[in-house]
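Protein chains: 2
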Amino acid sequence: MNIGEIAKRAGVSRSTVSYALSGKRPVSEDTRRKIQRVIDDLGYQPNASARALANGRTNTIGLVFPPAGNHYTGMQLDFIGSVTEAAADHDYDVLLSPSGMDSDRSFQRLLGERRVDGAILMEMRLQDDRLDHLTEVGFPSVAIGRTANPQGSWWVGLDHTALAAACVHHLADLGHRRVAFVNRPEPLLRAGYESAHRGLDGFTKAAAERGLTVRTYCCGDDAASGQACLEQILHDDPATTALVTLNEAALGGIYRGLAQAGRQVPHDFSVTGVVAGRWAETVTPQLTAADVPAEQMGRLAVELLVERLNHPAAPARHHLLAPPISLRASTAPPGPGPTGAAHDLGAPAHP
Amino acid sequence: MNIGEIAKRAGVSRSTVSYALSGKRPVSEDTRRKIQRVIDDLGYQPNASARALANGRTNTIGLVFPPAGNHYTGMQLDFIGSVTEAAADHDYDVLLSPSGMDSDRSFQRLLGERRVDGAILMEMRLQDDRLDHLTEVGFPSVAIGRTANPQGSWWVGLDHTALAAACVHHLADLGHRRVAFVNRPEPLLRAGYESAHRGLDGFTKAAAERGLTVRTYCCGDDAASGQACLEQILHDDPATTALVTLNEAALGGIYRGLAQAGRQVPHDFSVTGVVAGRWAETVTPQLTAADVPAEQMGRLAVELLVERLNHPAAPARHHLLAPPISLRASTAPPGPGPTGAAHDLGAPAHP
DNA sequence: CTGAAGAACCGAACCGGTTCGACTGTCTTC
DNA sequence: GAAGACAGTCGAACCGGTTCGGTTCTTCAG
Numbered sequence: 001m002n003i004g005e006i007a008k009r010a011g012v013s014r015s016t017v018s019y020a021l022s023g024k025r026p027v028s029e030d031t032r033r034k035i036q037r038v039i040d041d042l043g044y045q046p047n048a049s050a051r052a053l054a055n056g057r058t059n060t061i062g063l064v065f066p067p068a069g070n071h072y073t074g075m076q077l078d079f080i081g082s083v084t085e086a087a088a089d090h091d092y093d094v095l096l097s098p099s100g101m102d103s104d105r106s107f108q109r110l111l112g113e114r115r116v117d118g119a120i121l122m123e124m125r126l127q128d129d130r131l132d133h134l135t136e137v138g139f140p141s142v143a144i145g146r147t148a149n150p151q152g153s154w155w156v157g158l159d160h161t162a163l164a165a166a167c168v169h170h171l172a173d174l175g176h177r178r179v180a181f182v183n184r185p186e187p188l189l190r191a192g193y194e195s196a197h198r199g200l201d202g203f204t205k206a207a208a209e210r211g212l213t214v215r216t217y218c219c220g221d222d223a224a225s226g227q228a229c230l231e232q233i234l235h236d237d238p239a240t241t242a243l244v245t246l247n248e249a250a251l252g253g254i255y256r257g258l259a260q261a262g263r264q265v266p267h268d269f270s271v272t273g274v275v276a277g278r279w280a281e282t283v284t285p286q287l288t289a290a291d292v293p294a295e296q297m298g299r300l301a302v303e304l305l306v307e308r309l310n311h312p313a314a315p316a317r318h319h320l321l322a323p324p325i326s327l328r329a330s331t332a333p334p335g336p337g338p339t340g341a342a343h344d345l346g347a348p349a350h351p
Numbered sequence: 001m002n003i004g005e006i007a008k009r010a011g012v013s014r015s016t017v018s019y020a021l022s023g024k025r026p027v028s029e030d031t032r033r034k035i036q037r038v039i040d041d042l043g044y045q046p047n048a049s050a051r052a053l054a055n056g057r058t059n060t061i062g063l064v065f066p067p068a069g070n071h072y073t074g075m076q077l078d079f080i081g082s083v084t085e086a087a088a089d090h091d092y093d094v095l096l097s098p099s100g101m102d103s104d105r106s107f108q109r110l111l112g113e114r115r116v117d118g119a120i121l122m123e124m125r126l127q128d129d130r131l132d133h134l135t136e137v138g139f140p141s142v143a144i145g146r147t148a149n150p151q152g153s154w155w156v157g158l159d160h161t162a163l164a165a166a167c168v169h170h171l172a173d174l175g176h177r178r179v180a181f182v183n184r185p186e187p188l189l190r191a192g193y194e195s196a197h198r199g200l201d202g203f204t205k206a207a208a209e210r211g212l213t214v215r216t217y218c219c220g221d222d223a224a225s226g227q228a229c230l231e232q233i234l235h236d237d238p239a240t241t242a243l244v245t246l247n248e249a250a251l252g253g254i255y256r257g258l259a260q261a262g263r264q265v266p267h268d269f270s271v272t273g274v275v276a277g278r279w280a281e282t283v284t285p286q287l288t289a290a291d292v293p294a295e296q297m298g299r300l301a302v303e304l305l306v307e308r309l310n311h312p313a314a315p316a317r318h319h320l321l322a323p324p325i326s327l328r329a330s331t332a333p334p335g336p337g338p339t340g341a342a343h344d345l346g347a348p349a350h351p
């Protein structure tokens with residue numbers, strides 16, 4: 001069932017059918033109805049490949065994220081979901097590309113074979129060869145995260161520097177003096193991951209400002225690594241009373257390590273960090289954290305990209321988000337604090 | 001840079017370039033090299049839309065999953081990741097479609113506009129109109145999960161009945177007599193979600209077999225619901241000593257509820273269920289559970305689909321998986337058990 | 001009454017690949 | 001020495017849309 005078939009049955013030419021559908025030239029109400037009837041009867045839908053070939057637009061956007069070698073985190077899931085839905089709202093499909101580097105085959109295909117109109121990049125690095133390549137060839141893209149020099153490019157990012165600093169200030173205000181920082185895995189830091197670097201920066205500077213004694217750690221993206229990392233922290237400095245983490249996946253392990261060491265959260269040890277809200281709520285006590293607004297970010301990225309696709313000459317835009325810290329139940333002043341079931345458990349007891 | 005440009009520069013016809021690339025007809029070593037040189041110089045890659053239009057294959061598979069109204073779970077993330085990577089290994093791209101129903105626009109586009117060669121369906125229901133529609137129009141698809149009558153269709157599934165039963169037997173063997181079942185959210189059960197129904201069945205039958213006293217609950221896909229559900233369980237029957245859950249996302253809340261009620265896992269209360277391994281390890285004590293092999297399932301689904309696409313007439317195939325229960329630390333005989341830090345914390349203490 | 005504008009439609013070219021049929025040589029084979 | 005077989009190449013048709021230019025017919029201003 002192609003457009004020729006429709007035209008024949010409606011007694012008009014192929015171009016008339018096309019114009020009736022696109023509305024790019026006037027078509028009489030009469031023939032429009034005739035055509036629509038045939039279309040409804042046959043359940044015709046125009047072939048996407050043919051359309052893409054003819055007008056040069058695929059109505060598809062590429063979502064580029066690194067492969068699962070380092071396991072996916074919950075945050076990535078939220079991005080994928082929100083990007084997909086936001087794209088659907090704008091009548092775009094989403095093509096997934098598991099690429100960490102410019103040189104990945106799947107990434108090359110996306111661009112070279114013109115499978116997508118534009119791309120959204122996840123897991124940005126301070127120097128990102130994927131983005132460099134895209135801007136070089138003038139391919140429309142929006143990054144979730146920003147490079148070291150983001151001027152002139154489109155992105156929606158999180159102010160990790162400010163968020164990590166806010167965590168430090170929160171702990172310092174509570175009276176903590178010896179604080180650890182649990183970062184993403186070391187390979188990612190070495191690779192230049194933006195969040196890991198800016199988070200570390202923000203933490204370090206704010207800690208210096210407040211005169212805190214700090215140690216920083218890298219930690220694998222899983223519970224076992226989190227537990228091991230916490231053991232290391234307490235081994236290196238048993239007087240540590242709090243930590244800040246960017247590592248969502250390690251959180252469960254960190255809590256386990258603390259329990260195993262006999263430290264009660266938050267009385268004996270405070271934990272905070274930058275974590276997507278719904279994951280912060282799965283641990284007990286619930287994590288006081290800067291909630292990453294992953295859904296909003298995915299949606300914003302799509303909106304920026306759609307805008308860029310519709311107005312190719314538009315000047316670069318971006319959104320820098322800095323959500324406030326959500327006070328939950330994982331931080332308290334250092335030292336033996338007040339004991340009480342409600343505080344203990346991260347949620348008010350039922351009346 | 002199209003194929004005509006390559007042909008011109010190499011001094012041959014367009015068809016020769018095409019045959020040199022596809023190898024479907026012999027081309028002399030000499031001209032092949034000439035063509036390859038030009039291609040390398042210009043960095044030519046054939047246009048995907050044109051190719052798809054000409055030979056009727058998009059080299060793309062659709063991944064159909066329901067929208068995030070009910071939040072995504074970790075398991076879905078693992079499916080998406082493994083499907084995408086497995087597809088890349090077979091030179092397929094993955095198009096995401098957030099569709100719960102046959103009537104969703106995004107689902108219709110996938111098929112009607114011929115954007116994909118085949119589809120993988122997630123979140124199956126016992127009666128699934130999406131699958132019905134696909135088989136009716138003869139569209140190649142593989143389901144992750146199976147309908148009530150899966151004969152003749154392609155799928156890779158988990159034996160939820162057996163897994164839930166295994167959990168019951170495990171608990172019964174330990175001596176538990178009053179056990180609760182925490183299912184997925186009620187709307188999903190009503191919609192006929194396969195895992196929810198078969199899991200419930202397996203639980204109920206095995207419990208009857210072992211003469212256990214049981215109660216079954218539906219629970220929202222988030223921590224707060226998990227906590228509320230647990231409170232309800234203990235309210236309804238304070239003598240309950242164990243539960244089985246299919247609800248990964250509620251797990252953190254269930255643990256919190258138990259702690260709040262003053263029940264120690266596993267001494268005072270045992271928890272088990274069917275959960276992806278890496279999520280079972282994030283809670284403390286780590287969850288004894290039938291680990292959902294999400295990565296393997298995603299990969300198998302892609303392999304089945306690729307096989308089906310390559311051999312359109314091949315008879316339907318499927319894989320029914322039933323992973324064993326991984327003994328971790330969240331179950332123990334009922335009543336006051338042995339106390340010990342190691343057992344308490346779900347991981348051996350360091351020597 | 002004439003000329004211009006615009007509505008409504010058609011035919012043909014085009015997007016960039018693939019594939020079929022035909023043509024030319026060269027090498028076997030009986 | 002004629003008949004095939006086959007390697008190697010080309011031209012043209014085709015996939016299913018979009019879009020440009022042109023034709024016909026009304027309508028309306030001058």
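Chains as they are written, first to last, in UniProt numbering: chain A, 1 to 351; chain B, 1 to 351.
Where is the CB? At the ideal position from N, CA and C, for every residue including glycine.
To which residues of the same chain is residue i closer than 7 Å at the C-beta, ignoring the five residues directly before and after it?
i, result
"residue 258 of chain A", "230, 265 and 269"
"residue 309 of chain A", "117, 118 and 140"
"residue 317 of chain A", "154 and 304"
"residue 276 of chain B", "74, 75, 78, 248, 291, 292 and 294"
"residue 343 of chain A", "Low confidence applies here, because residue 343 of chain A scores a pLDDT of 41, under 50, leaving its location unreliable and the question unanswered by this model."
"residue 100 of chain A", "66 and 67"
"residue 127 of chain B", "147, 148 and 192"
"residue 239 of chain B", "178"
"residue 133 of chain A", "102"
Have a look at residue i and residue j and give me their C-alpha separation to the nearest angstrom.
i, j, result
"residue 289 of chain A", "residue 131 of chain B", "42 Å"
"residue 158 of chain A", "residue 295 of chain A", "13 Å"
"residue 322 of chain A", "residue 195 of chain A", "13 Å"
"residue 201 of chain B", "residue 129 of chain B", "22 Å"
"residue 151 of chain A", "residue 320 of chain A", "13 Å"
"residue 306 of chain B", "residue 12 of chain A", "41 Å"
"residue 280 of chain B", "residue 122 of chain B", "21 Å"
"residue 138 of chain A", "residue 2 of chain B", "18 Å"
"residue 4 of chain A", "residue 109 of chain B", "20 Å"
"residue 220 of chain A", "residue 55 of chain A", "46 Å"
"residue 213 of chain A", "residue 164 of chain A", "16 Å"
"residue 314 of chain A", "residue 87 of chain A", "20 Å"
"residue 9 of chain B", "residue 14 of chain A", "36 Å"
"residue 38 of chain A", "residue 6 of chain A", "6 Å"
"residue 33 of chain B", "residue 136 of chain B", "47 Å"
Report the three-state DSSP secondary structure of residue i (helix, strand or coil).
i, result
"residue 291 of chain B", "strand"
"residue 255 of chain B", "helix"
"residue 1 of chain B", "coil"
"residue 118 of chain A", "strand"
"residue 161 of chain A", "helix"
"residue 302 of chain B", "helix"
"residue 178 of chain A", "strand"
"residue 149 of chain A", "coil"
So residue i packs on residue j, CB below 8 Å; how close in whole Å?
i, j, result
"residue 85 of chain B", "residue 67 of chain A", "6 Å"
"residue 60 of chain B", "residue 21 of chain B", "That pair is no contact at about 19 Å."
"residue 175 of chain B", "residue 285 of chain B", "That belief does not hold up - the Cβ atoms of residue 175 of chain B and residue 285 of chain B are roughly 18 Å apart, past 8 Å."
"residue 183 of chain A", "residue 111 of chain A", "At roughly 32 Å, the Cβ-Cβ gap does not stay under 8 Å, so residue 183 of chain A and residue 111 of chain A are not in contact."
"residue 250 of chain A", "residue 225 of chain A", "6 Å"
"residue 325 of chain B", "residue 167 of chain B", "7 Å"
"residue 142 of chain A", "residue 301 of chain A", "5 Å"
Please return the same chain residues whose Cβ sits closer than 6 Å to the Cβ of residue i, not counting the five positions on each side in sequence.
i, result
"residue 330 of chain B", "265, 266, 271, 285, 287 and 288"
"residue 92 of chain A", "59 and 61"
For residue i, collect the residues of the same chain with a Cβ closer than 8 Å to its Cβ; drop the 5 residues on either side in sequence, then sort them by chain order.
i, result
"residue 107 of chain B", "64, 97, 99, 101 and 130"
Complete runs of the alpha helix (DSSP H) confined to the segment 58–107 of chain B [at least 4 residues]
74–89
Ranges of the alpha helix (DSSP H) found wholly within the segment 196–237 of chain A, counting only runs of at least 4
223–236
Give, in chain order, every unbroken run of the alpha helix (DSSP H) that is at least 4 residues long and sits entirely within the UniProt domain "HTH lacI-type" (1–55) of chain A.
3–10, 14–22, 29–42 and 48–55
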